[in-house]
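These notes concern the structure reproduced below.
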Amino acid sequence: MANSDPANRDDVAMKAAETLYPAAIPALSPDKASAPGDRVFSGGNVKAIIRRYGLLALFLGFWELSGQAHWVDQTIVPSLSTSIKAIVEMWRNIHLGLHIMISLTRVVLGLLIGLTVAVPLAFLLGRLLPKVAVRVNALLQVFGLINPYCLFPVFVVFFGLGEAPKIAVLAWVSLWPIFFNGQSAFRSVDPQLLKTARSLNCGSLTAFWRVCLPAAIPAIFNGIRVGVEMSFFILIAAEMTGATAGLGWIIHNSGASYQTDRIYGAGICVVVLGVLINRFLVVIRRGLLSWSEALAPTWLQFSDTAPKPVKKSVAYAWCLIFILIMALGLIQIFRAENLLIDSTLTPEYRIWYK
Amino acid sequence: MKFVNKYISLAIFLALWEGLSRFRILDPLFFPPFSAVIESIVHMFKIGTLWPHIELSLFRALLGFFLATVIGAPLGLILGGRFKSQNDVVELPLEILSQINPFLLFHLIILFMGLGESPKVAIVAWTCLWPTLFSAFNGAANVNSSLIKSGRAFGLSTSQLIRKIIWPAAAPTVFTGLRLSLGYSLFMLIAAEMMGASGGLGFLVLRSQEAFQLDRMYAAVVVIAFLGLILDGLLYWLGRKLIFLSLESQVNPSGG
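From first to last, the protein sequence lines stand for chains W and Z. Residues 1478 to 1831 in my numbering are what the first sequence spells out, letter by letter. Residues 556 to 811 in my numbering are what the second sequence spells out, letter by letter.
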C-alpha cells in the first residue's frame, strides 16, 4: 500500500475507492481482493468454512430453537427436527424417495426433450437459414410467451392423460430459453473462427462440431439454467393441481390435511434438490467450459471473476453418477407404480382410479 | 416490407389455425377457430368481464415486480459493489433462498398473510426478487476496474463515481435481470391465480377450462401473451431511454 499521507489527494481518493469498491481495485488492496472463491474452496480452512456455512447454521439453529422454546405456533412453523422427522416418516410410510424420483424424472425428461428440439432448431435458424429466422422469430417469441400451464387441456387432447402431457408442459417450458439463447449464440459465432476452420479444410459437419457448437454451448447452458429453474416452478404447481404423485402432490395433500410438518419436510426436499441440481450444473459447466467467460447474470450464482475450473474427469464422473441415479430411479418407478397408488390414495379414490 | 417479413409467420400461423379449425381438420371443440377466440375477447370486453381480470392480474404482477425491484436491485448493487469480498458469507444462504419455490409456501403464505391479494403479490415478488438481485450483484461486481481507476485519476468524488461510472456500467446487466424477472412475474402469477384466486387472468383460464369454454380459455391465453409482449416491450423501451445504451435487442422470453 502507498503511504498514508492525508494531504495526498490521490491517496485519499484511492482510499475512498478502496472502501467503496474494494474488489474492483485489485492493485490497491491485494489482500482483500484475492478472489473470494479461492478462500472458500481451500479445504481445511476453518475460518472459510465458518464464513460460508455460518449464516446457514445460525438460521437453522434459530429455527430449531424457536420451535423448542415455543416462540412460534408449532402447528404453523414446526421446528427443524420435526420437519426432518417428517421426512423420515414420509420416507418410510409413503415412499418419499419414489416421489422425489418421479419429480426429478419429469424435469429431466422434459429438459432432454426440450434440448433435443431446441439445439438443432437454434442451429437451423441461427446459422443455416437466417432469412427464415427473420420471418419466424415473431411467431416463436409469441410461443415463448405462452404459459403452458394454461394450455394443459390442449396438451391432454394431444398427448392423452398420464405422464405425457406433464412432460410436454415441462419440455415446452425449458424449450424456449434454450432455443433463444442458443439461436443468438449460433448467430454470433465469430466468423473469423469459421473462416479459419474452412481454410484448415474442415467439412461443414466438423465445423459445426468443433467450432459452432462449442461457441454456443455457454449460452445454451444459460438457457438450461433458466429452463430448469422454470421447470421446477411449474412442476410443483402442476403436480399440486393435477397429479397423484410427486413432491408437489405431497405438499398439496399435506396442506389440504393440515400436516404442516410434511409440508416443511417435502419443502426441504425440493430446496435441497434444487440446490443440488444447481451445483451439478455449475460443476459440469466449469468442467467442460473452463475456457469460457464469467457466468451470465441469469445464472443464479455469484460469478467469480475467475471461475475455478473443475477437472474434466470430475465433471464426467458426476454425469455418470447422475445417469446412474436416474436409471435406478426409473427402474424403481416402474416396479413400484402399483405400490405407490396403493399407499398414497385413500381407499375410495383407489377404487375410482382402478 | 420489413414489417411484413417480421410478422408473416404469425399471420400464416393464425390463418392455418383458422383454416384447420374451420374445415374441421382439428376438432373445433378443442381448437375453436381464431376468429371465435377474437370474438370471445371482444364479447367479454363488451359485457365487461375481461377488463377487471386484466386489471387485477396487471396490478398483482406489477406490484410484485416493483417490490422485487425496489428490494432486489439496491441490495444486489450494495452486495456486489460494497461487500464483494464478503460475498462468501451470504452466497450459500441466498442460493438456498432462491431455490425456495413460492408454491412450496403457498399454504403457509395463506396462513401468514390471509386470503386476498397479499399471497399472490408475495409469490410474484419472491420469484422476481432473485433474477433481479443476482443480476444487480453481477452488474456491480463486474464493473471494469480500470474504468474506476481512471475515474479516480480524474478526481471524481464517490457520488460522482457511482453516477458516472458504476451505474452506467452496471445498468445493462441490471436491466437484463429486470426483463427476466418481468417474464417470471406473469408466468408465476398465472399459475398462482390458477391455484387459488377468485379473479385475474389465471382464474379466467381455470374457470373456462372447468366450464369447457375453450374459446374463452384461448382468449385468456392470447391476452396473457399479448400483455407479456407489451410489458417486455415497455421495459425494453424504458431501458433504452433511461440508460442510452443499446441493450441486447433480442427479447429473452423466459417463457413468461
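Virtual Cβ for every residue (Gly too), placed ideally from N, Cα, C.
For a contact defined as C-beta to C-beta under 8 Å, what are the partners of residue i on chain W?
| i | result |
| --- | --- |
| residue 627 of chain Z | Simply none; closest approach about 12 Å. |
| residue 749 of chain Z | 1626, 1627, 1714 and 1718 |
| residue 784 of chain Z | 1618, 1619 and 1622 |
| residue 585 of chain Z | 1630, 1631 and 1634 |
| residue 666 of chain Z | 1553 |
| residue 659 of chain Z | 1713, 1728, 1740, 1743, 1744, 1747 and 1748 |
Could you work out which residue in the options is closest to residue i when comparing CA atoms only?
| i | options | result |
| --- | --- | --- |
| residue 1593 of chain W | W:1580, W:1560, W:1651 and W:1547 | W:1651 |
| residue 1808 of chain W | W:1545, W:1575, W:1625 and W:1547 | W:1575 |
| residue 1735 of chain W | Z:646, Z:638, Z:665 and Z:598 | Z:665 |
| residue 701 of chain Z | Z:568, Z:628 and Z:720 | Z:720 |
| residue 1558 of chain W | W:1604, W:1649, W:1738 and W:1570 | W:1738 |
| residue 770 of chain Z | W:1742, W:1562 and W:1631 | W:1631 |
| residue 1618 of chain W | Z:636, Z:783, Z:764 and Z:790 | Z:783 |
| residue 1633 of chain W | Z:641, Z:576, Z:786 and Z:586 | Z:586 |
| residue 1672 of chain W | W:1658, W:1659 and W:1687 | W:1687 |
| residue 648 of chain Z | W:1530, W:1622 and W:1656 | W:1530 |
| residue 776 of chain Z | W:1794, W:1629, W:1693 and W:1568 | W:1629 |
| residue 1653 of chain W | W:1669, W:1670, W:1691 and W:1622 | W:1622 |
| residue 682 of chain Z | Z:638, Z:713, Z:661 and Z:669 | Z:661 |
| residue 1527 of chain W | Z:756, Z:566 and Z:643 | Z:643 |
| residue 1537 of chain W | W:1553, W:1789 and W:1560 | W:1560 |
| residue 716 of chain Z | Z:581, Z:695 and Z:738 | Z:695 |
| residue 633 of chain Z | Z:609, Z:697 and Z:786 | Z:697 |
| residue 679 of chain Z | Z:566, Z:738, Z:787 and Z:629 | Z:738 |
| residue 659 of chain Z | W:1611, W:1796, W:1667 and W:1723 | W:1723 |
| residue 732 of chain Z | Z:791, Z:714 and Z:773 | Z:791 |
Taking 8 Å as the threshold (C-beta atoms), are residue j and residue i in contact?
| i | j | result |
| --- | --- | --- |
| residue 1695 of chain W | residue 1647 of chain W | no |
| residue 1704 of chain W | residue 1717 of chain W | no |
| residue 746 of chain Z | residue 1711 of chain W | yes |
| residue 736 of chain Z | residue 687 of chain Z | yes |
| residue 684 of chain Z | residue 623 of chain Z | yes |
| residue 1715 of chain W | residue 1626 of chain W | yes |
| residue 645 of chain Z | residue 1532 of chain W | yes |
| residue 699 of chain Z | residue 728 of chain Z | no |
| residue 779 of chain Z | residue 1678 of chain W | no |
| residue 1659 of chain W | residue 1697 of chain W | yes |
| residue 1582 of chain W | residue 1810 of chain W | yes |
| residue 1744 of chain W | residue 1728 of chain W | yes |
| residue 1757 of chain W | residue 1799 of chain W | yes |
| residue 675 of chain Z | residue 752 of chain Z | yes |
| residue 754 of chain Z | residue 690 of chain Z | no |
| residue 1421 of chain W | residue 1700 of chain W | Because chain W here runs from 1478 to 1831, residue 1421 of chain W falls outside it and cannot be looked at. |
| residue 1663 of chain W | residue 1702 of chain W | no |
| residue 761 of chain Z | residue 743 of chain Z | no |
| residue 1792 of chain W | residue 1764 of chain W | yes |
If you count every other CB in all the chains shown that lies within 10 Å of the CB of residue i, and 16 or more means buried, which is it?
| i | result |
| --- | --- |
| residue 574 of chain Z | exposed |
| residue 571 of chain Z | exposed |
| residue 1578 of chain W | buried |
| residue 1524 of chain W | exposed |
| residue 1775 of chain W | With a pLDDT of only 41 at residue 1775 of chain W, under 50, the local geometry of the prediction cannot be trusted, and the value read off the model is given with reservation. Buried: at least 16 other Cβ atoms inside 10 Å. |
| residue 1645 of chain W | buried |
| residue 667 of chain Z | exposed |
| residue 599 of chain Z | buried |
| residue 564 of chain Z | buried |
| residue 764 of chain Z | buried |
| residue 584 of chain Z | exposed |
| residue 1657 of chain W | buried |
| residue 1585 of chain W | buried |
| residue 796 of chain Z | exposed |
| residue 610 of chain Z | exposed |
Who are the neighbours of residue i on chain W, taking C-beta pairs under 7 Å?
| i | result |
| --- | --- |
| residue 564 of chain Z | 1612, 1613, 1615 and 1616 |
| residue 780 of chain Z | 1619, 1622 and 1623 |
| residue 745 of chain Z | 1624, 1626 and 1627 |
| residue 608 of chain Z | Correct list: empty, because the minimum Cβ distance to chain W is about 13 Å. |
For a contact defined as C-beta to C-beta under 8 Å, what are the partners of residue i on chain Z?
| i | result |
| --- | --- |
| residue 1536 of chain W | 648 |
| residue 1752 of chain W | 650, 651 and 654 |
| residue 1522 of chain W | Going along chain Z, no residue has its Cβ under 8 Å from residue 1522 of chain W, so there is no contact; the nearest lies around 11 Å. |
By the criterion of Cβ-Cβ separation under 9 Å, what are the contact partners of residue i in chain W?
| i | result |
| --- | --- |
| residue 561 of chain Z | 1611, 1612, 1614 and 1615 |
| residue 758 of chain Z | Near residue 758 of chain Z there are no residues of chain W at all, since even the closest Cβ is about 11 Å away, more than 9 Å. |
Using a C-beta to C-beta distance shorter than 7 Å, which residues of chain Z count as neighbours of residue i?
| i | result |
| --- | --- |
| residue 1709 of chain W | 656 |
| residue 1530 of chain W | 647 |
Alpha helix (DSSP H) runs wholly inside the segment 640-699 of chain Z, at least 4 long, in chain order: 642-654, 661-668 and 672-696
For a minimum of 4 consecutive residues, which ranges assigned as the alpha helix (DSSP H) are wholly contained in the segment 1641-1699 of chain W? 1668-1676 and 1681-1684
Secondary structure, alpha helix (DSSP H): runs of 4+ residues fully inside the segment 579-608 of chain Z: 589-601
Note down, one range per segment and in chain order, each alpha helix (DSSP H) of at least 4 residues found wholly within the segment 1527-1557 of chain W. none
List in chain order: all unbroken alpha helix (DSSP H) runs of 4+ residues lying wholly within the segment 710-786 of chain Z. 713-716, 722-750 and 756-765
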